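> Have a look at this one before I ask anything.
Numbering (the working numbering), first residue to last: 592 to 876.
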């Protein structure tokens, strides 16, 4: 190879290396610019957005947790009130059963008195007057008074439970209307029972005086038996009426328990949906 050809080859290699170096420097600079741009976008836009979304999710989860805790406390209080209502209901039922047993016993005793004959008619009249005027009517009046007190307690517990349920902000309009309707029905039944019991109390008081006057007018065993039967039948009818009203009240209490159970289920599903949505958002981020 001639010296001129070697010099030309060296010059070509130098130009190639110089051009390649220029291209590399330019490429490196472009890469640096793009990296800087990406860092700027991330630090200026993406990272704050991520932080903001993360903070919102944390606050939402904390709020859902607080709401769940508050509902648990309210639920515990409502369950306690329901237990007290059930206890009061059982107490009234037991008192009613005792009164029914007492009425049945008196019916048996009065039938036995009728079979003894006319020789002991005066003694029968004295016993009927003593038992009818004092013990039986007084016991029935005392039971009525206790019934009024029990119904007042039930009314108070029902109003408290209704107030706590109505204060729940997550109930929709349909559920609120249903609960308000249930509360109104319970209050109406309580007021109706209270009025009936007060009326029966006055009637029992008036019955004492009427019974004393009627007993003086009795002249035969047939009349005595007839009056006793009417008197006992009246007491029995009043008792059946009270039992019917108490059954209606028990039905309303059962419906209120069912509404509370449905509300608890609805809140549990809503909380699970929120937690699931929060988990999906975290996975997406």
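Just so you know, even glycine gets a beta-carbon here, dropped at the ideal spot from N, CA and C.
Owing to the predicted nature of the structure, the values given are computational and were not obtained by experimental measurement.
By how many angstroms is the C-alpha of residue 825 removed from the C-alpha of residue 839?
Within the chain shown, numbered from 1, the residue matching residue 839 stands at position 248. Within the chain shown, numbered from 1, the residue matching residue 825 stands at position 234. Residue 839 and residue 825: Cα-Cα distance of roughly 22 Å.
> Whole angstroms is fine: what's the gap from residue 760's alpha carbon to residue 832's?
Translated into positions along the chain shown, residue 760 becomes position 169. Translated into positions along the chain shown, residue 832 becomes position 241. Low confidence applies to residue 760: its pLDDT is 44, below 50, so where it sits in the model is not reliable enough to give any reading.
> Below 8 Å, how does it come out for the stretch 678 to 692 and the stretch 837 to 853: are there three or more Cβ pairs, yes or no?
Taking 8 Å as the limit for Cβ pairs, the verdict is that the stretch 837 to 853 does touch the stretch 678 to 692.
> Taking the straight line between their C-alpha atoms, what separation do you get for residue 846 and residue 857?
Here the question's residue 846 lines up with position 255 in the chain shown. Here the question's residue 857 lines up with position 266 in the chain shown. One C-alpha to the other measures close to 17 Å.
> To the nearest angstrom, report how far apart residue 657 and residue 650 are at their CA atoms.
Here the question's residue 657 lines up with position 66 in the chain shown. Here the question's residue 650 lines up with position 59 in the chain shown. Cα-Cα distance, rounded: 10 Å.
> By a C-beta neighbour count over all protein chains shown, 10 Å radius and 16 as the cutoff for buried, is residue 647 buried or exposed?
Position 56 of the chain shown, counting from 1, holds the residue named residue 647. Residue 647 comes out exposed.
> Return the residue from the list 614, 621, 660 that minimises the CA-CA distance to residue 859.
Here residue 859 corresponds to residue number 268 of the chain shown, with the count starting at 1. Answer by Cα proximity: 660.
> For residue 653 and residue 849, what's the separation of their Cα atoms in angstroms?
The residue you call residue 653 lines up with position 62 of the chain shown. The residue you call residue 849 lines up with position 258 of the chain shown. If I take the Cα positions, the gap works out to 29 Å.
> Would you kindly work out how many angstroms separate the C-alpha atoms of residue 793 and residue 674, rounded to a whole number?
Position 202 of the chain shown holds residue 793. Position 83 of the chain shown holds residue 674. Going from the Cα of residue 793 to the Cα of residue 674 covers about 33 Å.
> When the Cα atoms are used, what is the spatial distance from residue 678 to residue 853?
The residue you call residue 678 lines up with position 87 of the chain shown. The residue you call residue 853 lines up with position 262 of the chain shown. One C-alpha to the other measures close to 23 Å.
> Output yes if chain B places a C-beta closer than 8 Å to the C-beta of residue 661; else output no.
Looking for chain B here will not work: only one protein chain is present.
> Between residue 655 and residue 662, what straight-line distance do the alpha-carbon atoms span, to the nearest angstrom?
Within the chain shown, numbered from 1, the residue matching residue 655 stands at position 64. Within the chain shown, numbered from 1, the residue matching residue 662 stands at position 71. Those two C-alpha atoms are separated by around 11 Å.
> For residue 899 and residue 643, what's the separation of their Cα atoms in angstroms?
Lying outside 592 to 876, the shown extent of the chain, residue 899 is not represented and no answer is given.
> Please classify residue 844 as buried or exposed, where buried requires at least 16 other C-beta atoms within 10 Å of its C-beta.
Numbered from 1 along the chain shown, position 253 holds the residue referred to as residue 844. Residue 844 should be labelled buried.
> Could you tell me which of 841, 626, 617, 692 sits nearest to residue 827, measuring between CA atoms?
To locate residue 827, count along the chain shown from 1; it is residue 236. Measuring from the Cα of residue 827, the nearest candidate turns out to be 692.
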